[in-house]
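Residues 89 to 372 in the numbering used here are what the sequence shown spells out, letter by letter.
Cβ atoms here follow ideal geometry from the backbone N, Cα and C, with glycine treated the same way.
Predicted model only: the values in this text are computed from it and were never measured.
Have a look at the structure below before the remarks.
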Amino acid sequence: MVPENAPRYHSLSIGFHREDALRALALAPECTSRTELRDRIVKGLRQRSRATRQGVANKLIQRYLATPEGRLDLSPFVELVSAIRDRSSRTQLLFYRLTQIDEIVGALAREVLYPYFIEQEVPAGFRRDEFQVLNGQRLLDEDPFLLTPFVVEFAKRNWRGPSPASLRRALGIVADAELVCRRRVRSLRRHPHALSPAKNDLTTTTFVYALYDEFGGRTETLSADTLVGSQFARTLLTPPDIILNMVDRARHYGFVRRKRRSGELALTYGSLQAAVADLKETAV
Numbered sequence: 089m090v091p092e093n094a095p096r097y098h099s100l101s102i103g104f105h106r107e108d109a110l111r112a113l114a115l116a117p118e119c120t121s122r123t124e125l126r127d128r129i130v131k132g133l134r135q136r137s138r139a140t141r142q143g144v145a146n147k148l149i150q151r152y153l154a155t156p157e158g159r160l161d162l163s164p165f166v167e168l169v170s171a172i173r174d175r176s177s178r179t180q181l182l183f184y185r186l187t188q189i190d191e192i193v194g195a196l197a198r199e200v201l202y203p204y205f206i207e208q209e210v211p212a213g214f215r216r217d218e219f220q221v222l223n224g225q226r227l228l229d230e231d232p233f234l235l236t237p238f239v240v241e242f243a244k245r246n247w248r249g250p251s252p253a254s255l256r257r258a259l260g261i262v263a264d265a266e267l268v269c270r271r272r273v274r275s276l277r278r279h280p281h282a283l284s285p286a287k288n289d290l291t292t293t294t295f296v297y298a299l300y301d302e303f304g305g306r307t308e309t310l311s312a313d314t315l316v317g318s319q320f321a322r323t324l325l326t327p328p329d330i331i332l333n334m335v336d337r338a339r340h341y342g343f344v345r346r347k348r349r350s351g352e353l354a355l356t357y358g359s360l361q362a363a364v365a366d367l368k369e370t371a372v
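Written out as structure tokens, the structure reads:
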């Protein structure tokens, strides 16, 4: 039974749409209203129904380009993604921003995929034998995979509202963002679809943006443990060793500095906007 205080995560009910999202971000500075931007996005979409194209366009705007009040928002995120050309950075940044609106995607990454693939632990709330039954008798080994039936059961026990279809869509978004790999499990009956961990190629640009997005404006120092356990690290499925390596790279480029006495870290810039202004000019 779902606990009374279980969270209800929002979903926009569309896939990743990477190229459509990049085009929307490029068009946004040229438009003076949300309606104008929607109509220009619609012209480039391929769905047969105009109503479907309008729905996708509206959701892309909501995902990346709108304030909570519905106004167009040319945020530091839009500036950065429009300025850089590195494919990996753009994909990772689109995914990271998406999880803040499509909450179910971020919850899956942090509460299911990160514990299993990165921490090598059974996600919270399940006994090992329960997990094995739902995951094709596979627990933790050198070739881990995760089956959809376990994800559906996890959501039933821990969250309010998500349908199996929305969960499958969310898992597809994580795969399209190249944070996990799709595969067929040939050793199991009917060769079910599954997800496996992908090589983590977090870029310095993505790390710095996410670091300032989560911790920008803080005056206190940050410990390495704080960054390793941060929400962005879990959302982006980034192992501790990669986070620590990214800290060194961010220090090299001047985005963080280490306090001499305590050894803890401090952000160089006072805001995300200031950090993005430098990121746009720095090849990291």
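{"Check": "Enumerate in chain order the residues of its own chain whose CB-to-CB distance from M334 is below 6 Å, with the five nearest sequence positions on each side excluded.", "Outcome": "F295"}
{"Check": "To the nearest angstrom, how far is the alpha carbon of P164 from that of L276?", "Outcome": "46 Å"}
{"Check": "Quick one: grab the DSSP three-state call for P211.", "Outcome": "coil"}
{"Check": "Let me confirm a value: V221 is counted as buried when at least 16 other C-beta atoms fall within 10 Å, else exposed. Which label applies?", "Outcome": "exposed"}
{"Check": "Please go through the segment 94-142 and give each complete beta strand (DSSP E) segment of 3 or more residues, from N-terminal end onward.", "Outcome": "none"}
{"Check": "I'd like the span of the alpha helix (DSSP H) that includes R272, first residue to last.", "Outcome": "No alpha helix (DSSP H) holds R272; the beta strand (DSSP E) holding it covers V268 to R272."}
{"Check": "Just the Cα atoms here: how many angstroms apart are Y204 and V210?", "Outcome": "6 Å"}
{"Check": "Would you list the one or two residues that DSSP bridges to V344?", "Outcome": "L355"}
{"Check": "How about V268 and G224: are their beta carbons less than 8 Å apart?", "Outcome": "no"}
{"Check": "If you reduce the DSSP assignment to three classes, tell me which class A282 lands in.", "Outcome": "strand"}
{"Check": "Considering only residues of the same chain and omitting the five flanking positions on each side of S99, which have a CB-CB separation below 6 Å?", "Outcome": "D190, I192 and S254"}
{"Check": "If the criterion is Cβ atoms closer than 8 Å, does the pair I206 and P95 meet it?", "Outcome": "no"}
{"Check": "For A243, does the count of other Cβ atoms within 10 angstroms reach 16, so buried, or fall short, so exposed?", "Outcome": "buried"}
{"Check": "Along the chain, where does the alpha helix (DSSP H) that runs through R322 open and close?", "Outcome": "Q319 to T323"}
{"Check": "Can you confirm whether the segment 338-356 touches the segment 283-291 when touching is taken to mean that 3 or more C-beta pairs between the two stretches lie within less than 8 Å?", "Outcome": "no"}
{"Check": "Excluding five sequence neighbours on each side, which residues of the same chain lie with their C-beta closer than 8 Å to the C-beta of S359?", "Outcome": "Y300, G304 and G305"}
{"Check": "Per DSSP, A154 forms a beta bridge with which residues?", "Outcome": "L160"}
{"Check": "Note down the Cα distance separating R141 from H105, rounded to an integer number of angstroms.", "Outcome": "12 Å"}
{"Check": "Which class does L259 belong to by DSSP, given the choice of helix, strand or coil?", "Outcome": "helix"}
{"Check": "Can you give me the start and stop residues for the alpha helix (DSSP H) that V200 sits inside?", "Outcome": "It is not in any alpha helix (DSSP H) - V200 carries neither H nor E in the DSSP assignment."}
{"Check": "Quick check on the burial criterion: 16 or more other C-beta atoms within 10 angstroms. Buried or exposed for Q208?", "Outcome": "exposed"}
{"Check": "Report the three-state DSSP secondary structure of L290 (helix, strand or coil).", "Outcome": "coil"}
{"Check": "So, helix, strand or coil for L235, using DSSP?", "Outcome": "strand"}
{"Check": "Nearest CA to the CA of L168: which residue from P156, D313, G158 and Y152?", "Outcome": "Y152"}
{"Check": "Sorted by chain position, which residues of the same chain lie with C-beta nearer than 8 Å to K368's C-beta, five sequence neighbours on each side aside?", "Outcome": "E167, L168, A171 and I172"}
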